[in-house]
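Everything below concerns the one structure shown next.
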Amino acid sequence: MDIPKMTWTRLDHLKDDPPLFRGSLFRYRKMASIEEVIDYMLFETHEASGLGLVRDSGYGAGNVLVFLPAEAKVPGKVVAISPEWLRHNWQNCVDSESTPDQVWVCLAGRPAPDKLPEE
Numbered sequence: 001m002d003i004p005k006m007t008w009t010r011l012d013h014l015k016d017d018p019p020l021f022r023g024s025l026f027r028y029r030k031m032a033s034i035e036e037v038i039d040y041m042l043f044e045t046h047e048a049s050g051l052g053l054v055r056d057s058g059y060g061a062g063n064v065l066v067f068l069p070a071e072a073k074v075p076g077k078v079v080a081i082s083p084e085w086l087r088h089n090w091q092n093c094v095d096s097e098s099t100p101d102q103v104w105v106c107l108a109g110r111p112a113p114d115k116l117p118e119e
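73 is the number that our numbering gives to position 73 of the sequence shown; each next residue is one higher, with no gaps.
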């Protein structure tokens, strides 16, 4: 079975609709990191906005980067954040060394696996 291709859009090109839900992926270059290209995933939490970013690849995989504040949450949505809010607050809340035009977003997250490695 073919693995579906992941579609990436730059953060600075996203509109506020659709909002960002858990599982959304963020990829960008971080020159001061062991790995040059890193991924973070939006995950659900009981903190503030209900969402945060966790490292999804490489040496730091599994480490929480940030719990996003309540003002990041989209009004009326149970667990979603505003792309516009994230764009305007990326350097203050996520990474001061990168800009939204350097960040790529995959709204659909990773495709679900359909088999084990030995299958």
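Glycine is no exception: its CB is placed at the ideal position from the N, C-alpha and C atoms.
Below 8 Å on the Cβ atoms is my contact criterion, and I expect residue i with residue j to pass it. Report the Cβ-Cβ distance as a whole number of Å.
i, j, result
"Phe21", "Glu47", "About 16 Å separates the two Cβ atoms, so there is no contact after all."
"Met41", "Leu25", "5 Å"
"Pro83", "Asp39", "Their Cβ separation, rounded to whole angstroms, is 17 Å, which puts Pro83 and Asp39 out of contact at 8 Å."
"Gly76", "Gly23", "Not really, about 20 Å apart at Cβ, beyond 8 Å."
Could you check if residue i is buried or exposed, using at least 16 other CB atoms within 10 Å of its CB as the buried criterion?
i, result
"Trp8", "exposed"
"Lys73", "buried"
"Ala80", "buried"
"Val94", "buried"
"Pro117", "exposed"
"Asp114", "exposed"
"Ser49", "buried"
"Pro19", "buried"
Please go through the same chain and pick out, in chain order, the residues whose beta-carbon is closer than 7 Å to the beta-carbon of residue i, but skip the five residues on each side of it.
i, result
"Asp12", "Arg87, Pro100, Asp101"
"Val64", "Gly52, Val54"
"Glu44", "Arg22, Gly50, Leu51, Val79"
For residue i, collect the residues of the same chain with a Cβ closer than 6 Å to its Cβ; drop the 5 residues on either side in sequence, then sort them by chain order.
i, result
"Ile34", "Tyr59"
"Cys106", "Met6, Trp8, Leu25"
"Ala61", "Arg55"
Apart from the five residues on each side of it in sequence, which residues of its chain come closer than 8 Å, Cβ to Cβ, to residue i?
i, result
"Trp85", "Glu71, Ala72"
"Trp104", "Trp8, Thr9, Arg10, Leu11, Phe26, Arg27, Tyr28"
"Glu36", "Arg29, Lys30"
"Ser98", "Tyr28, Arg29, Lys30, Trp90, Gln91"
"Asp56", "Leu25, Asp39, Tyr40, Met41"
"Pro69", "Ala48, Ser49, Cys93"
Query - Unbroken stretches of the alpha helix (DSSP H), 4 residues or longer, contained in the segment 59–109 - result: 83–89
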